[in-house]
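Asker: One structure, as structure tokens, below. Some questions next.
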Amino acid sequence: MDEDRHKLLKTWAQSFLIGVPKVAFGFRDDQGILREIKTYETSAIPREVRGVAGMWDPSVCLAFAAELLRWLRTVLKEEVKMYNVYFGAPFQGIAVELSGDGT
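Throughout, this note's numbering is defined as the position within the sequence shown, counted from one, plus 452.
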């Protein structure tokens, strides 16, 4: 379930932010064999995980994203540059660096 939890979170966040209405997931067993395919309304995914032990909270995720974007605006001084943003293992930090020649 841990892998499913991360898959649902990543897909929900990306799909929610850009307005994808539906997503399909393939679920595999421990041997890697596809056992189930489910289609979800993107907006319904948070309801699917609500109250399930160890799952994520969409409000917390969106609050983190908003805070991250606010922080990035203070760190990234030049809009025309290309930056790489790196995330350490969960809660280990975030690093930002100018990409290559900066273009």
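Note that the Cβ used here is the ideal one computed from N, Cα and C, for glycine as well.
Would you check if there are 3 or more beta carbon pairs closer than 8 Å linking the segment 482-493 to the segment 509-526?
Answerer: no
Asker: What's the C-alpha gap between phenylalanine 560 and serine 495?
Answerer: Not covered by the structure: residue 560. The range shown for the chain is 453 to 555.
Asker: What residue range is occupied by the uninterrupted alpha helix (DSSP H) comprising isoleucine 497?
Answerer: Your numbering for residue 497 matches position 45 in the sequence shown. Segment 497-501, the alpha helix (DSSP H) holding isoleucine 497.
Asker: Closer than 7 Å by C-beta to valine 480: which residues in its own chain qualify, once you throw out the five before and the five after it? Chain order, please.
Answerer: The residue you call residue 480 lines up with position 28 of the sequence shown. For the sequence presented, residue 480 should be read as arginine rather than valine. Closer than 7 Å at the Cβ level, and outside the excluded window around arginine 480, lie Leu486 and Arg487.
Asker: Short of 8 Å in beta carbon distance, which residues of its chain neighbour lysine 474, apart from the five on each side in sequence? Order them along the chain.
Answerer: The count along the sequence shown starts at 1 and reaches residue 474 at position 22. These residues qualify, in order along the chain: Thr491, Tyr492, Glu493 and Thr494.
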